[in-house]
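So the structure is just underneath, and the comments pick up after that.
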Amino acid sequence: MVSNKRKRAFTLVEILLGLTLLAIFLGTASISIPKALAKERFEKGMSRAVARLSLAQEVMLDYGSDVEVVFSFREDGEGIEIELKPLKPLSEALLTHLNRSSHVEEIVSGRFDETPLPFTLFFDGTVGATPAGVLSLEGKRGNSGELTLRGFPSEIKRGSYAISETEIGTYPEALLPPS
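Under this note's numbering, think of the first position of the sequence shown as 428, with each following residue one higher.
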């Protein structure tokens, strides 16, 4: 037997309460979205900095060329420039590839150890030495991150980590302080 009773409709108070809860939820979500976007843009900028330094290291190792990596402020004030300058003549196509996207808008300041922007990192192709120190970068909305450069051909990556005993045995000269 099927009941002929009508299903009760929502009252105006219930509808308003539901809309209020929905508005509160959407308002809370909209506050956190800009922060998440800023963090994502900063992470992208950090990845670009890692890629630029890795590219400088590859040019140093593959072509035996000394490479200067110049970190400087952009002229328009929007972010920084990370420019690669090989000191050995290379093909025009390779030079175009090296500096095709050297600006990083997401990062606004940085320092290498105690040296603030602008600064130059030197990758020595004759002996295969890379700069040793900590590169700290800061974003537009207070985001910050570090890249650890260990002073010899090794992976350039985020954060800081200890040098293994194998690396100390393989590259003892790289662990000496610069003179």
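A virtual CB, placed ideally from N, CA and C, is assigned to each residue, including glycine.
To the nearest angstrom, how far is it from the Cα of Val494 to the Cα of Pro461?
Numbered from 1 along the sequence shown, position 67 holds the residue referred to as residue 494. Numbered from 1 along the sequence shown, position 34 holds the residue referred to as residue 461. Between the C-alpha atoms of Val494 and Pro461 there is a straight-line separation of about 37 Å.
Could you give the DSSP three-state label for Thr553: helix, strand or coil?
Translated into positions along the sequence shown, residue 553 becomes position 126. Correct three-state label for Thr553: coil.
Within a Cβ cutoff of 6 Å, which residues of the same chain sit near Arg628, ignoring the five residues on either side of it in sequence?
Residue 628 lies beyond the range of the chain shown here (428 to 606); nothing can be said about it.
Taking the straight line between their C-alpha atoms, what separation do you get for Glu502 and Glu532?
The residue given as residue 502 occupies position 75 in the sequence shown. The residue given as residue 532 occupies position 105 in the sequence shown. Answer to the nearest angstrom: the Cα atoms are 12 Å apart.
If you draw a straight line from the alpha carbon of Thr447 to that of Arg433, how long is it in whole angstroms?
Start at 1 with the first residue of the sequence shown, and residue 447 comes out as number 20. Start at 1 with the first residue of the sequence shown, and residue 433 comes out as number 6. Rounded to the nearest angstrom, the two C-alpha atoms are 27 Å apart.
In the DSSP output, what is Ile534 paired with across the bridge?
Taking the sequence shown and counting its residues from 1, one reaches residue 534 at position 107. Answer is Gly566, bridged to Ile534.
Roughly how many angstroms lie between the CA atoms of Pro605 and Leu544, to the nearest whole one?
The residue given as residue 605 occupies position 178 in the sequence shown. The residue given as residue 544 occupies position 117 in the sequence shown. Residue confidence for Pro605 is low, a pLDDT of 46 falling below 50, so the modelled location carries little weight; the figure read from the coordinates is stated next. Going from the Cα of Pro605 to the Cα of Leu544 covers about 20 Å.
Which of the three DSSP states, helix, strand or coil, is assigned to Thr447?
Residue numbering aside, residue 447 sits at position 20 when the sequence shown is read from its first letter. DSSP places Thr447 in helix when its eight states are reduced to three.
So, for Gly491: in the same chain, excluding its five sequence neighbours on each side, which residues have a beta-carbon less than 8 Å away from its beta-carbon?
Walking along the sequence shown from the start, residue 491 turns up at place 64. Result list for Gly491: Lys515, Gly552 and Thr553, in chain order.
Using only the alpha-carbon positions, how far apart do Asn570 and Arg435 sit?
Along the sequence shown, read from residue 1 onward, the residue named residue 570 stands at position 143. Along the sequence shown, read from residue 1 onward, the residue named residue 435 stands at position 8. Near 52 Å, if we compare the C-alpha coordinates of Arg435 and Asn570.
When you compare the segment 512-529 with the segment 572-583, are there three or more beta-carbon pairs, one atom per stretch, that lie closer than 8 Å?
Judged by Cβ distances under 8 Å, the segment 512-529 makes no contact with the segment 572-583, as fewer than three pairs qualify.
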